[in-house]
Each structure stands twice: as structure tokens, then as C-alpha cells.
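Engineer: Please see the structure below; I have some questions.
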Amino acid sequence: MQAYRAALLSFDDDGSARYESDGLLVVGPDASGRKVIRASGSYAALAGNYPGVRVTEFPGRILAPGFIDLHVHFPQTDVIGSPAEGLLPWLEDYTFPHEARFADQAYAVAMAGVFLDELLRNGVTTALAFCTSHPHSVDALLEESERRGMRTIAGKVLQDRHSPEGVRDETQQSLVDTEALIRRWQGRGRLGYAITPRFAPSCTEAQLRGAGELAARYPDVWIQSHVAENQDEIRWVRELFPQSRSYVSVYGDFGLLRERAIYAHCIHIDDEDRALLRDTGAAAAVSPTSNLFLGSGFFDYAGARHVGLRYGLASDVGGGTSFSPFHTMLAAYYVGREGQTKPGVSLGPQHLWWQHTAGAARALGLEGVAGNLRPGCEADFVLLDPRATPLLARRTQQARNLDELLFAMIVLGDDRVVERVAVDGVITSKVPGPAA
Ligand code: GUN
Ligand code: ZN
Numbered sequence: 001m002q003a004y005r006a007a008l009l010s011f012d013d014d015g016s017a018r019y020e021s022d023g024l025l026v027v028g029p030d031a032s033g034r035k036v037i038r039a040s041g042s043y044a045a046l047a048g049n050y051p052g053v054r055v056t057e058f059p060g061r062i063l064a065p066g067f068i069d070l071h072v073h074f075p076q077t078d079v080i081g082s083p084a085e086g087l088l089p090w091l092e093d094y095t096f097p098h099e100a101r102f103a104d105q106a107y108a109v110a111m112a113g114v115f116l117d118e119l120l121r122n123g124v125t126t127a128l129a130f131c132t133s134h135p136h137s138v139d140a141l142l143e144e145s146e147r148r149g150m151r152t153i154a155g156k157v158l159q160d161r162h163s164p165e166g167v168r169d170e171t172q173q174s175l176v177d178t179e180a181l182i183r184r185w186q187g188r189g190r191l192g193y194a195i196t197p198r199f200a201p202s203c204t205e206a207q208l209r210g211a212g213e214l215a216a217r218y219p220d221v222w223i224q225s226h227v228a229e230n231q232d233e234i235r236w237v238r239e240l241f242p243q244s245r246s247y248v249s250v251y252g253d254f255g256l257l258r259e260r261a262i263y264a265h266c267i268h269i270d271d272e273d274r275a276l277l278r279d280t281g282a283a284a285a286v287s288p289t290s291n292l293f294l295g296s297g298f299f300d301y302a303g304a305r306h307v308g309l310r311y312g313l314a315s316d317v318g319g320g321t322s323f324s325p326f327h328t329m330l331a332a333y334y335v336g337r338e339g340q341t342k343p344g345v346s347l348g349p350q351h352l353w354w355q356h357t358a359g360a361a362r363a364l365g366l367e368g369v370a371g372n373l374r375p376g377c378e379a380d381f382v383l384l385d386p387r388a389t390p391l392l393a394r395r396t397q398q399a400r401n402l403d404e405l406l407f408a409m410i411v412l413g414d415d416r417v418v419e420r421v422a423v424d425g426v427i428t429s430k431v432p433g434p435a436a
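First residue of the sequence shown? That's 1 in the UniProt record's numbering, and the numbers climb one at a time after it.
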């Protein structure tokens, strides 16, 4: 067992934050040998219960749950910052040509390392990730995640139409490949598989039907896709699937809405769609930097709250502009305030942080497993330095309460705030950047 003394940030079931300014986090194996958080709380109350356990002190630092990125594209690391008129030309001009490079397995393996380094530098310990349509891209990412002990959930993209040579797959083979990958990766250590239809326009009905059949046969497996991101995309879906009531219901019609199904964006939807997502147990991955960069629109937080739709935060790199959860939380704050085309709400800093940790875990069906520092959770956490930059030091020193402290970090923070990362109980110093 090991123990760490620092300030502690964790979350209650209602999403409010619990902060212990002088806390103790005790990490050790549970009955089955899994490395978990054995205790977390005030140092004064807990320290006496663990005589003989070495305590590492981190004065002035904050221990917080590792962040969860609810939707990210591993092969789009180098697509960040590619401007386009909107989603569809961005896919054609940058994303599909780039993803075609992953036909080369050695390239996919090299990029898996780059991607996971970037997640960890930014304090992200769990990701739900798209790979490419090439099955070996999943092996590349999950083998590298396994080597690092990370909890990663990933899937081979399904796209058997309206996709160029180089990324387009073949209907029957894509389903055979998906099932083989499920059998190889789902539940291996901390890894998981996600059935990954790219989006309805890139999949034939046969491919969507096959994906839905696999989703029914393997209920523990995740599902990930995109929905209602962009107006041109929505018009196209209406032409392709005239029999479905809405874009969201296309996925329902093919058996792709259920618990553990995560749909990126969910911007241009109505209350009936929200209720369908809610009632089936599916959740939204809110991707504010991507939606602002590609001009897609603004997630309707008031609508989600009103209907009870579950959601969490996501970078959506490379439509998204940053791996940093701080940047994503700040963008979500701006989006919540929008108020011109959607009702404006003010998202508090505790709720923003929850969306990227315990809230994202709940959306994934991993409540009590990931995204929190409560006893029983896996030992993935970050050590944050609230004085990482001169301005942040000034601002956080003047914080009068928890909300002000968290807000200062959300507004001014980035990867410099993340001093160390613990993955599966192993605490490392920061993943280094490229040699200067
Ligand atoms: N819709 C279909 N594919 C993609 C993608 O790669 N990124 C985003 N943001 N939307 C998509
Ligand atoms: Zn995406």
C-alpha cells in the first residue's frame, strides 16, 4: 500500500465536488488484487489507520481524478488545426486522406505512442477513442495502452460507403473484423472495445444492421458514433434514411441506442431525440472545442438538463483543438453561456470538472470504477500544481473558495498544471515533451 498527502478533489453522486485541503489518498490492492483507492479523506482522520504505510507528501498540490475523454480520434492527432467550411469538406479534404495513412501498420504503432503521450501529458487517463477503418489501428492503440496500463476503450471505424479508397471498408469483412477485435480486446485487463460506425452517412443499412446485431450479442461492449453535428450532414441523413423520424432515431432503428452507447455532438436535436437517448441509456459526448472550430453549433445544456440526457466532455481531437481538459472545460463554459440561439446557462466549475471525470464515467457505465477518488475506484489520478504559471499562482492564491480555485485553473490552466499522472496506481513524473 502507498499513501499520498495533498489536497484532494473528488465528486459526490449528485456531481458536487468534495475538497479536502489536507487530504490523504491510500492506494493498494483490493480483494481481487486490483490496484484501487482504499481510502480518501482528511489526513487527520485517516493517517492513524495506516501505520507503517509510507506517505509521500505533495505540499501545495491537488490530487484529482484522472480526466476521461469521452470522444477522441487517435488518428487525428496531426489533423488538429485544419480549417474548413464545415464538417463535410473537413472530412474530405483533411481527415480521410490523413486516416488513409494508417494503412501502414508501423505508422499506426508510432502514432499510438504519440497519442497516448499527449493524453497523459494532459492528465487524461481514460479515453473512448476512434481508430481508423484498418483493424490493425485498434491493435496498435490497445497494445500500447496495455503496455502503459491505461484504461482505453477503442474501435475500428465502420465506413463502407461515401468514403474514399484507402479508408472505405467492405460490409461483411468489416463486421467479421469487428467481432474478431471484440473477442481480442473486450475485457482484456482494463481495455474495452467500442463498435464504431463512423456516422450514418458513411454506413450502408447492411453495415448498420450488422453493427446493431453485434451490439445485441455483446452487451458489455461500447458503441460510439457521431450524430446531429452539422446542418449539411443532417440534410444528407434525411435523404439517405427517409423512413427514420430523425438522425438520432436512425441509430435506434438499427439497434445502436443502448447503455454504453456514446454519441458525439447531439447538437441539432429535439426533446423527442433527447428522450430517446435518455430512455435507451445512451449518452452525449459534448465536444465544445470541435463544435466551435468547425462551426457546428452549440450543445444545448438547458435542453439536456430539462430532459435528463446524460452527457460528459470530450476533446474530439482532431476536429477539437486541444487535448487539454482545461481548454475543453473552458470551451464548455462559453458554450453554456451562449444564450443567442439556445437558452444560456451558467455552468459552475464543479459541474464542468465533473463532466470530464465522474460524469463521463457515469456516461460510460463506469461509475465507481473510473473518474473519481472514492474508495473502490481504480487508481488513476493526477497531481495538479495550482501555481504552475506566474499568473495562475497569483490568481489561485487569491481564491476565496473552491469554485474560485477551480475556475482559475479551468480558465488559466493547461498541461503545465499536470505535474504527475498515476495510471493503475503507478505514479510517474510528467510525460516529457520532445527534446529541446
Ligand atoms: N463525423 C464523421 N466523422 C467525423 C470525424 O472524424 N470527426 C467529427 N467531428 N465528426 C465526424
Ligand atoms: Zn468525432
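Even for Gly, the Cβ is constructed at its ideal location relative to N, Cα and C.
Owing to the predicted nature of the structure, the values given are computational and were not obtained by experimental measurement.
Tell whether a beta-carbon distance below 7 Å holds between Ser145 and Arg374.
Structural biologist: Result no, Cβ atoms of Ser145 and Arg374 do not sit closer than 7 Å.
Engineer: From what residue to what residue does the alpha helix (DSSP H) around Arg209 run?
Structural biologist: From DSSP, the alpha helix (DSSP H) with Arg209 extends over Glu205 to Arg217.
Engineer: Can you tell me whether Pro83 is helix, strand or coil according to DSSP?
Structural biologist: Coil.
Engineer: Would Ser163 be called buried (16 or more neighbouring beta carbons within 10 Å of its own) or exposed?
Structural biologist: Buried: at least 16 other Cβ atoms inside 10 Å.
Engineer: May I have the straight-line CA-CA distance separating Glu20 from Ala282, to the nearest angstrom?
Structural biologist: Their backbone Cα atoms lie some 33 Å apart in a straight line.
Engineer: Mapping the DSSP letters down to three states, classify Gln2 as helix, strand or coil.
Structural biologist: Residue state, collapsed to three classes: strand.
Engineer: Mark Asp177 as exposed unless 16 or more other C-beta atoms lie within 10 angstroms of its C-beta, in which case mark it buried.
Structural biologist: Buried: at least 16 other Cβ atoms inside 10 Å.
Engineer: Give the residues whose C-beta lies closer than 6 Å to at least one heavy atom of ligand 1, in chain order.
Structural biologist: Matched residues: His73, Leu87, Leu91, Thr95, Arg198, Phe199, His226, Glu229, Ser290, Asp316 and Gly319.
Engineer: For Lys35, which beta-bridge partners are listed by DSSP?
Structural biologist: In DSSP, Lys35 forms a bridge with Pro29.
Engineer: Could you tell me whether the region 52-65 touches the region 194-211, using the rule of 3 or more Cβ pairs below 8 Å?
Structural biologist: These segments do not touch.
Engineer: Determine the contact status of residue 439 and Gly212, defining contact as a CB-CB distance below 7 Å.
Structural biologist: What the structure shows of the chain is the stretch from 1 to 436, and residue 439 is not part of that stretch, so it cannot be assessed.
Engineer: Can you find a heavy atom of ligand 2 that lies under 6 Å from the Cβ of Arg264?
Structural biologist: Here residue 264 turns out to be Ala, not Arg, going by the sequence shown. Within the cutoff, so yes.
Engineer: According to the neighbour-count rule (16 or more other Cβ atoms, all chains shown, within 10 Å of its Cβ), is Val286 buried or exposed?
Structural biologist: Under this definition Val286 is a buried residue.
Engineer: From the DSSP output, in three-state form, read off Val53 for me.
Structural biologist: Looking at Val53 - three-state DSSP - the assignment turns out to be coil, as it is neither helix nor strand.
Engineer: Which parts of the region 348-434 are runs of the alpha helix (DSSP H), unbroken and 4 residues or longer, counting only runs that do not cross its ends?
Structural biologist: Entirely contained in the region 348-434, the alpha helix (DSSP H) runs reaching 4 residues are, in chain order, 349-355, 358-363, 390-397 and 402-412.
Engineer: Below 6 Å CB to CB, which residues in the same chain sit around Arg190 once its five sequence neighbours on both sides are set aside?
Structural biologist: Correct list, in chain order: Arg151.
Engineer: Along the beta strand (DSSP E) that carries Ile223, what are the first and last residues, could you check?
Structural biologist: Unbroken beta strand (DSSP E) run through Ile223: Trp222 to Val227.
Engineer: Which value, in whole angstroms, describes the spacing of the CA atoms of Ala108 and Leu141?
Structural biologist: Cα-Cα distance, rounded: 8 Å.
Engineer: Using 10 angstroms around the beta-carbon of Leu214, count the other beta-carbons present and answer buried if the total reaches 16, otherwise exposed.
Structural biologist: Buried, because 16 or more other Cβ atoms sit within 10 Å of the Cβ of Leu214.
Engineer: Measure the alpha-carbon distance for Gly297 versus Trp90 and round it to whole angstroms.
Structural biologist: Using only the alpha carbons, I get a separation of about 15 Å.
Engineer: How do the region 305-317 and the region 71-83 stand: do at least 3 beta-carbon pairs fall below 8 Å, yes or no?
Structural biologist: In short, these stretches touch, since the Cβ pair count reaches three.
Engineer: So if DSSP puts Gly312 in a beta bridge, which residue, or which two residues, is it bridged to?
Structural biologist: Gly312 is bridged to Ala285.
Engineer: According to DSSP, Ser10 sits in a beta bridge with which residue or residues?
Structural biologist: Ser10 is bridged to Arg18.
Engineer: When DSSP builds the beta bridges, which residues end up paired with Thr126?
Structural biologist: Thr126 is bridged to Ile68 and Arg151.
Engineer: According to DSSP, which residues form a beta bridge with Val157?
Structural biologist: Val157 pairs with Thr196.
Engineer: Thinking C-beta only, is Pro349 closer than 7 Å to Phe407?
Structural biologist: In this structure, Pro349 lies closer than 7 Å to Phe407 by Cβ.
Engineer: Could you tell me whether the Cβ atoms of Gly365 and Arg278 are closer together than 7 Å?
Structural biologist: It is not a contact, given that the beta carbons lie outside the stated cut-off.
Engineer: Quick one: residues in its chain with C-beta nearer than 6 Å to the C-beta of Leu402, no 5 flanking neighbours on either side, listed in chain order?
Structural biologist: If we look at Leu402 and ignore the five residues flanking it on each side, its Cβ neighbours are Tyr19.
Engineer: From Tyr50, Gly166 and His306, pick the residue whose C-alpha is nearest to that of Ala275; which is it?
Structural biologist: Ranking Tyr50, Gly166 and His306 by Cα distance to Ala275 puts His306 first.
Engineer: Quick one: what's got a C-beta closer than 6 Å to residue 437's C-beta in the same chain, skipping five residues either side?
Structural biologist: Beyond the ends of the chain as shown, which are 1 and 436, falls residue 437; an answer cannot be given.
Engineer: Would you give the residue range spanned by the alpha helix (DSSP H) that Ala275 belongs to?
Structural biologist: Note, Ala275: alpha helix (DSSP H), Asp271 to Thr280.
Engineer: Taking the alpha-carbon of His327 as reference, which of Gly308, Ser290 and Phe254 has the nearest alpha-carbon?
Structural biologist: Out of Gly308, Ser290 and Phe254, Ser290 has the C-alpha closest to the C-alpha of His327.
Engineer: Could you name the residues that DSSP lists as bridge partners for Ser42?
Structural biologist: For Ser42, which the question treats as bridged, DSSP gives the partners Gly23.
Engineer: Mind checking which residues open and close the alpha helix (DSSP H) that includes Ala100?
Structural biologist: Element bounds for Ala100: Phe96 to Ala100.
Engineer: On the premise that Gln159 lies in contact with Arg198, defined as a C-beta separation below 8 Å, what is that separation, rounded to the nearest angstrom?
Structural biologist: Their Cβ separation, rounded to whole angstroms, is 4 Å, which keeps Arg198 and Gln159 in contact under 8 Å.
Engineer: Mind checking whether Leu384 and Ala127 have CB atoms under 7 Å apart?
Structural biologist: Result no, Cβ atoms of Leu384 and Ala127 do not sit closer than 7 Å.
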